[in-house]
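Following: one structure in structure tokens, then a few remarks.
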Amino acid sequence: MNKQLKLKIHESLAAVLPVSLIVLALCAFVVPVDLSTLCLFLAGAALLILGMGFFTLGADMAMMPIGELVGTHLTRTRKLWLILAGCFLIGVLVTVAEPDLAVLASQTPAVPDMVLILTVAAGVGLFLVLSFLRILLGWSLPVMLIVFYLLVFILTRFVPSDFLAVAFDSGGVTTGPITVPFIMALGLGLTAVRSDKNAEGDSFGLVALCSIGPVLSVLILGMIYRSGDASYAPLSVSAIEDTRALLAAFGTAAPEYAKEVALALGPILAFFLVFQVLFFRLRRRALAKILVGILYTFLGLTLFLTGVNVGFMPAGNELGRRLAGLPLRWLIVPVGMLIGYFLVKAEPAVLVLNKQVEEITGGAISQKVMMAGLCVGMAASVGLSMVRVLTGVPLLWFLLPGYALALALSFFVPRIFTAVAFDSGGVASGPMTATFLLPFAMGACEAVGGNILTDAFGVVAMVAMIPLITIQIIGLVYQFKTRHAGPDAPAAQAQEADDVLELDAGPEEDAQ
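When the count follows full-length UniProt numbering, it moves up by one through the sequence shown with no breaks and lands on 512 for the last residue.
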């Protein structure tokens, strides 16, 4: 167990270190910040590394096994109403438990926190039900995505501008470190209802559909809810005079986040224990492993949230404000792209997704390829977001053509790449985006005198959109290479192509 934990902490160190070095370089040579902000950032980075290590180990030991066990036993009941009710309940529980949703809600002045959280949770629960029906009935994922995104963009015509960016950001932050491992493992369990060769590939796409539900639900909320004071309160950095004050800043915040995580994980733990008594009846050793995994998840998320909220959020806001205040304010675009490129590696759910993609595809889509695609997509999305902050270009001017291109690509790439791409969009926009990039955009928006709700909000939506295009382009290139591989092509490449096409094969391709 110690070796596994050391490995996880080493992986998180490799993920967080590049971002930390970039911020340090900016603070040293480009935009000097006060020592309070820098000390909070460095201490937050240390907690972030430890938190990611504990969390990813906990996800492997508990969250994913629980999700797969629940999905498998729900399908064994063969009672459709029970499966659908279970999916809706699970969707609501894991969404309420999602830490990045709470972070977004706390930064959104247009609507009370709990109203936004419950609205988003209902959207996820409903679309998790639709996701199971897709697996059961074999519905086409691209067709479902087109129908629902078309509905989303139609509703944007009837919603106040203050709600638009928040609605699209809600879809991104919903799929974070708790939701992704649980829902993806649940999908693997639910595919037990089918025995055909495409069933395992269809387990992907749940995150994609569950990212649409919050957008629709918040848009509907915007049509019927009349917000009060939508003014934005700028972030403030506590003065750090000595090491005692630094420890006090984190020590005061840690119990609050521990309470939030406990309240979030409590319903999931209770849900698991009920299933354990009624259905699972796991042996002591297996049960103990899952309970220890939940403990690791609790500890990891507490450290993670304390680090990013106390250390990363103020640093992101201050950096954005100072960069946008420079005479050459356009520098914020390449700097934002550089930060985005490395920041995605620090998203906990990204590591979970990449590992599961590699396992499901038999190594045909490697973790390295997935990470490269996500890094490029993240850099592009953050760069475009900074352009939007500086110019005030409406969010829909980017989202409409972006989603149109992503949906068009879905008809030309293997289905597994489409499902993975749309899952990746939700996963890339996790707690690091909500706690660093969003405050970064807010600080920049303050510096240029823009509208926070319409210009700064939406960065999460942009981060969620661009990977849909980049991952599918990878799939398009991969498909082209495998189809045109000659007899001298390496055996390994041919085997990888067979793995992907076996998951993707349908009647049309078999005929070809």
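Don't be surprised by glycine CBs; every beta carbon is placed ideally from N, CA and C.
Unbroken alpha helix (DSSP H) run spanning Tyr225, endpoints: Segment: none, Tyr225 is in no alpha helix (DSSP H) and carries neither H nor E.
Segment contact, 8 Å Cβ cut-off, at least three pairs: the stretch 55-66 with the stretch 397-416: no
Nearest candidate by alpha-carbon position, reference Thr174, set Leu141, Pro414, Glu98: Glu98
Start-end ranges of the alpha helix (DSSP H) lying completely within the stretch 411-485, minimum 4 residues: 415-428, 438-448, 459-483
Whole-angstrom distance between Phe158 and Leu468, CA atom to CA atom: 26 Å
Rounded Cβ spacing between residue 523 and Pro18 (contact assumed at less than 8 Å): Residue coverage of the chain in this structure runs from 1 to 512, which leaves residue 523 outside it and unanswerable.
Gly51 vs Val92 beta-carbon contact at 7 Å: no
Chain-order list of residues whose beta-carbon lies under 6 Å from that of Thr470 (same chain, five-residue window excluded): Gly373, Val376, Gly377
Asp169 burial status per 10 Å Cβ neighbour count (16 or more: buried): buried
Endpoints, alpha helix (DSSP H) assigned at Arg285: 284-307
Backbone CA spacing between Asp60 and Leu82 [nearest angstrom]: 27 Å
Rounded straight-line distance, which links the Cα of Leu209 to that of Ser131: 7 Å
Option nearest Leu104 by Cα separation, candidates Gly266, Gly450, Phe163: Phe163
Stretch pair the stretch 241-258 + the stretch 30-45: three plus CB contacts closer than 8 Å: yes
Length of the line joining the Cα atoms of Ala165 and Gly123: 17 Å
CB of Val382 within 7 Å of CB of Gly443, strictly: no
Top-ranked residue by Cα proximity to Ala264, from Phe29, Asp455, Leu305: Leu305
Contact check, Ala121 vs Val96, beta carbons under 7 Å: yes
Close beta carbons around Ala406, own chain, < 6 Å, minus the five adjacent residues each side: Leu468, Ile469
Sufficient close CB pairs (3 or more, under 8 Å) joining the stretch 145-155 to the stretch 210-223: yes
Ser140 versus Arg483: straight-line alpha-carbon distance, rounded: 23 Å
Rounded Cβ spacing between Leu84 and Val33 (contact assumed at less than 8 Å): Going by Cβ atoms, the distance from Leu84 to Val33 rounds to 51 Å, so no, they are not a contact pair.
Arg76 - containing alpha helix (DSSP H), residue span: 64-76
Neighbour-count burial assignment, Asp488, 16 or more Cβ in a 10 Å radius: Unreliable placement is indicated for Asp488, whose pLDDT of 47 sits below 50; no coordinate value is reported for it.
Opening and closing residue of the alpha helix (DSSP H) in which Ile22 lies: 2-29
Backbone CA spacing between Arg134 and Leu101 [nearest angstrom]: 26 Å
Cutoff 7 Å; reference residue 564; Cβ partners in own chain excluding five residues on either side: There is no way to answer for residue 564, as the model of the chain reaches only from 1 to 512.
Start and end residues, alpha helix (DSSP H) containing Thr391: 367-391
Nearest-angstrom Cα separation, counted from Leu278 out to Leu116: 34 Å
Whole-Å CB distance - Gly58 paired with Thr297, under 8 Å assumed: 3 Å
CA-to-CA distance, Ala428 to Lys345, given in whole angstroms: 9 Å
Cα-Cα separation between Thr179 and Met114, rounded to whole angstroms: 18 Å
Delimiting residues of the alpha helix (DSSP H) encompassing Pro314: 313-324
For residue 514, three-class secondary structure by DSSP: Here the chain covers residues 1 to 512 and nothing more, so residue 514 does not appear.
Whole-Å CB distance - Ile240 paired with Leu35, under 8 Å assumed: 7 Å
Best match in Gln276, Ala315, Gln4 for proximity to Leu38 [C-alpha to C-alpha]: Ala315
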